[in-house]
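Have a look at the structure below, then the notes.
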Amino acid sequence: MKFRHLLGALAGLLLAAPASAQSTLKIVMHSDLKILDPIWASAQISRTHGYMVYDTLFGLDGDLKPQPQMVDRWTVDAAGMVYTFTLRQGLAWHDGTPVTAEDCIASLKRWGSRDVMGIKLMAHVKELSAPDARTIRLELTKPYGLVVDSLAKPAGIVPFMMPKRIADAPATQQIKDATGSGPFIFKADEWRPGDRVVYVKNPNYVARAEPPANFAGGKVAKLDRVEWMSIPDPQTAVNALENGEIDALESVAHDLLPLVEKRKGIEVQRGAYASQYALRPNWLHPPFNDPRMRQALGYAIDQKGYLEAAVGDPKFWRLCKTYYGCGTPLASDAGTNGLLEGNADKARALLKEAGYDGQPIVLLQVSDIASLANLAPVAKAQLERVGFKVDMRSADWQTHISRVLRKEPPEDRGWNVTLSSTGVLDVVNPVTSLFLNSACDKASAGWPCDAKIEELRDAFALEPDAAKRKAIAEQIQARGLELGTHYPLGEWYSASAVSTHTKGWLRPPSSTVFWNVEVAKR
Numbered sequence: 434m435k436f437r438h439l440l441g442a443l444a445g446l447l448l449a450a451p452a453s454a455q456s457t458l459k460i461v462m463h464s465d466l467k468i469l470d471p472i473w474a475s476a477q478i479s480r481t482h483g484y485m486v487y488d489t490l491f492g493l494d495g496d497l498k499p500q501p502q503m504v505d506r507w508t509v510d511a512a513g514m515v516y517t518f519t520l521r522q523g524l525a526w527h528d529g530t531p532v533t534a535e536d537c538i539a540s541l542k543r544w545g546s547r548d549v550m551g552i553k554l555m556a557h558v559k560e561l562s563a564p565d566a567r568t569i570r571l572e573l574t575k576p577y578g579l580v581v582d583s584l585a586k587p588a589g590i591v592p593f594m595m596p597k598r599i600a601d602a603p604a605t606q607q608i609k610d611a612t613g614s615g616p617f618i619f620k621a622d623e624w625r626p627g628d629r630v631v632y633v634k635n636p637n638y639v640a641r642a643e644p645p646a647n648f649a650g651g652k653v654a655k656l657d658r659v660e661w662m663s664i665p666d667p668q669t670a671v672n673a674l675e676n677g678e679i680d681a682l683e684s685v686a687h688d689l690l691p692l693v694e695k696r697k698g699i700e701v702q703r704g705a706y707a708s709q710y711a712l713r714p715n716w717l718h719p720p721f722n723d724p725r726m727r728q729a730l731g732y733a734i735d736q737k738g739y740l741e742a743a744v745g746d747p748k749f750w751r752l753c754k755t756y757y758g759c760g761t762p763l764a765s766d767a768g769t770n771g772l773l774e775g776n777a778d779k780a781r782a783l784l785k786e787a788g789y790d791g792q793p794i795v796l797l798q799v800s801d802i803a804s805l806a807n808l809a810p811v812a813k814a815q816l817e818r819v820g821f822k823v824d825m826r827s828a829d830w831q832t833h834i835s836r837v838l839r840k841e842p843p844e845d846r847g848w849n850v851t852l853s854s855t856g857v858l859d860v861v862n863p864v865t866s867l868f869l870n871s872a873c874d875k876a877s878a879g880w881p882c883d884a885k886i887e888e889l890r891d892a893f894a895l896e897p898d899a900a901k902r903k904a905i906a907e908q909i910q911a912r913g914l915e916l917g918t919h920y921p922l923g924e925w926y927s928a929s930a931v932s933t934h935t936k937g938w939l940r941p942p943s944s945t946v947f948w949n950v951e952v953a954k955r
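Position in the sequence shown (first residue = 1) + 433 = the numbering used here.
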C-alpha cells in the first residue's frame, strides 16, 4: 500500500513538472492593440500584429529586394503578361487546414481593394485564378513592372494571406478572427485591451531554410510566448524595464534616452530607417476643400518646430522637404520652393484671398504615443499664428485612427487636419505612398481628388526607364505640394531599448518582428 502511494506521488510530480522551461518575452509596444484587422486599417500596431500571425507571398530581404516567402517558385511569360506562383508545401492555417491558392486569391482581392499599391496593381489585373491547390495564376491587361514589388510591400497595408472564409469579408468591414499561417498564434482568450496582448509559438509553422533578413528568409519562432504589455506612461515603462518586469520597450521617448543609455543591462537600438512626419488636410469639407486654404498650410508649416518638439535631440531628426524621403533614389526638391519654412505672410494672404470666415478647424491629436503627442500643439500654434482658429481634439491612437477614417463633417465626429508618422519606405515612390493616392473616394483618409496625379501615378508604374520614372515622380511631387495632398514635416529615427539578456533582434523597416528573438535564462 505504501509503495502504491509512493508511485502515485511520483507520478503527480512528473505530471506537474513542465517538459522544458517556457521562454516568454514581455515588451511594451508603442501603442495598445485594439484593431486586429491590418487590411481595414494601416495603423503600425495592427501591421505588427499582422506580421505575428500572418505570412506573405513575398518579403523584402536585407537589400530591400523581394524574395519568395510563402511562394516556392514563380515564373512570368515572355510578354510579361502572365505570372504563375507556386506555394510551398506544408503551409497550414493555425486551425490545421492547408493553405490553398484560393485562400491567397481571396486575400489579394481584399488587400487590393484597400491598399494604395494594391489598387494600382488590381487595375491592371485581368484575372486571378487557381489552376490547382498550390498554384496562383495572375494575368495582366498590359505589362506592369511592379507586380512582385507590390506583393512584397512591407508597410502601410501589407498583403497578408488569410483563409478564404475570412478574406471573403469586404475590406470595409473589420475582421475579428486572427487565424493566419504565421510563426505565432494570437491568443484571443487572453487578449485584454489596455492590459496585454498574448501570442504563442505556432508549433506547425514551416520556416524557410534561408537566414532571416528583414521580412524574408526563415521566420523561426524561438520564443514560446510573447506578451505585449500596456504601460502608457513612458517613465513607468522605463522603470519596468530597469526593474526586469519587462524585457523590451519598442519605442523610448527621446527625452528619456539619456537616462536609459546609462543603465547597465539595457541596450538602446536606433532604427535603421527613418520615418516621415506629415500633415494631412481633409479635402471633403470646408475650409480645406479650397486648394488655396490647403496651400496656406504648406506656407504656415515650419518643419523645425515639429521636430524639436516631437524628437528633441538633433541626432534623431533632420529637415527634409521631399515626399519620397531624403537620400532615396527619387528624392527631389521639385515644387518645394518657399514651402515648409514658416512663411506666415504668404499663408495669411492665401487665407484672405480664399475668404476664410474664421470657422474653427478640427485638429486631431494623438495623446498616447510619445513620438506623435507633441505634433498637434505645434500645429495649433503655427496655424493660429497665420489666422486659423483651431479646435484641437485629443484621443488615444486607436480612437484617433477610427476617427481619421470617418467622412462625416468635422463637427460630427470628423476632422479637418491630422498628423502622422510613416516609415520612409512607405513613401519611397508615388505608387507606394498612401498619401499620394488621389483617387477621390478610393483615396486614403484626407481623400485627395485629382485626375492628373492619378494619370501620372499610372504612368510611373508602367514606365520601364528609371530616369523617366524619376521625372514623373518629380511632376507628381510638384503637383501634390501645389494642391496640398499632404505636407512633410521632416524625418526622424526611433529608438528602442532591450534587456541584454535578449538577443537576435531584427530591425526591418516599418515594424518590430519577433522571429529569431531569444530570451536567455536569468
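Every residue, glycine too, gets a C-beta built ideally from N, C-alpha and C.
| Asked | Found |
| --- | --- |
| What number of angstroms, rounded off, separates the C-alpha of D898 from the C-alpha of R890? | 14 Å |
| My output table needs one value for V671: the three-state DSSP class, helix, strand or coil. | helix |
| Using the Cα positions of T489 and R570, report the straight-line distance between them to the nearest angstrom. | 16 Å |
| What are the boundary residues of the beta strand (DSSP E) that includes D723? | Where D723 is concerned, there is no enclosing beta strand (DSSP E), given that its DSSP letter is neither H nor E. |
| Count the other CB atoms, across all protein chains shown, that sit within 10 Å of the CB of V946; report buried if there are 16 or more and exposed otherwise. | buried |
| Between V693 and A930, is the Cβ-Cβ spacing less than 8 Å? | yes |
| Using alpha carbons as the reference points, say which of Y926, S800 and A894 lies closest to Y706. | Y926 |
| Which residues does DSSP list as the beta-bridge partners of R629? | R625 and M662 |
| Return the first residue and the last residue of the beta strand (DSSP E) that Q500 is part of. | P499 to P501 |
| Expressed to the nearest angstrom, what Euclidean distance is found between the alpha-carbon atoms of P921 and C753? | 7 Å |
| So if DSSP puts Y732 in a beta bridge, which residue, or which two residues, is it bridged to? | BP columns for Y732 are empty, so no partner. |
| Please state whether DSSP places S479 in a helix, a strand or coil. | helix |
| Thinking just about the alpha-carbon of each residue, which of E817, E896, E774 and A777 is nearest to the one in P793? | E817 |
| Considering only residues of the stretch 755–827, which uninterrupted alpha helix (DSSP H) runs meet the minimum length of 4 residues and lie entirely inside it, listed in chain order? | 777–787, 803–806 and 808–818 |
| Just how far apart, CA to CA, sit E623 and Q606? | 24 Å |
| How should H934 be labelled, buried or exposed, when 16 other C-beta atoms within 10 angstroms of its C-beta is the threshold for buried? | exposed |
| With DSSP as the reference, label A588 as helix, strand or coil. | coil |
| Helix or strand or just coil, what does DSSP make of W716? | coil |
| Under 7 Å: does the beta carbon of T855 sit that close to some heavy atom of the ligand SAH? | Among the ligands in the structure shown, none appear at all, so the ligand SAH cannot be discussed. |
| If you draw a straight line from the C-alpha of L520 to the C-alpha of E675, how long is it? | 45 Å |
| Which same chain residues end up closer than 6 Å to G791 when comparing Cβ atoms and leaving out the 5 residues on each side of it in sequence? | K822 |
| Taking the DSSP output, what are the residues bridged to S866? | In the DSSP output, where bridge partners are listed per residue, S866 has none listed. |
| DSSP has G856 in a bridge; who is on the other side? | S708 |
| With a Cβ-Cβ cutoff of 8 Å, do Y487 and M555 count as a contact? | no |
| Are N637 and G615 closer than 8 Å when you measure CB to CB? | no |
| In the structure shown, what three-state DSSP assignment does D688 receive? | helix |
| Does W830 come out as helix, strand or coil in the three-state DSSP assignment? | helix |
| Does the distance from the CB of I834 to the CB of A476 come in under 8 Å? | yes |
| Suppose only complete runs of 3+ residues qualify. What are the beta strand (DSSP E) ranges in the stretch 487–574, listed by chain order? | 491–493, 499–501, 504–509, 515–520, 558–565 and 568–573 |
| Identify which residue in T755, F721, E951 and S943 has its Cα closest to the Cα of T481. | S943 |
| Nearest-angstrom Cα distance between T761 and P667? | 32 Å |
| So P881 and T851 are supposed to be a Cβ contact under 8 Å. How far apart are they, rounded? | Not confirmed; about 13 Å, so no contact. |
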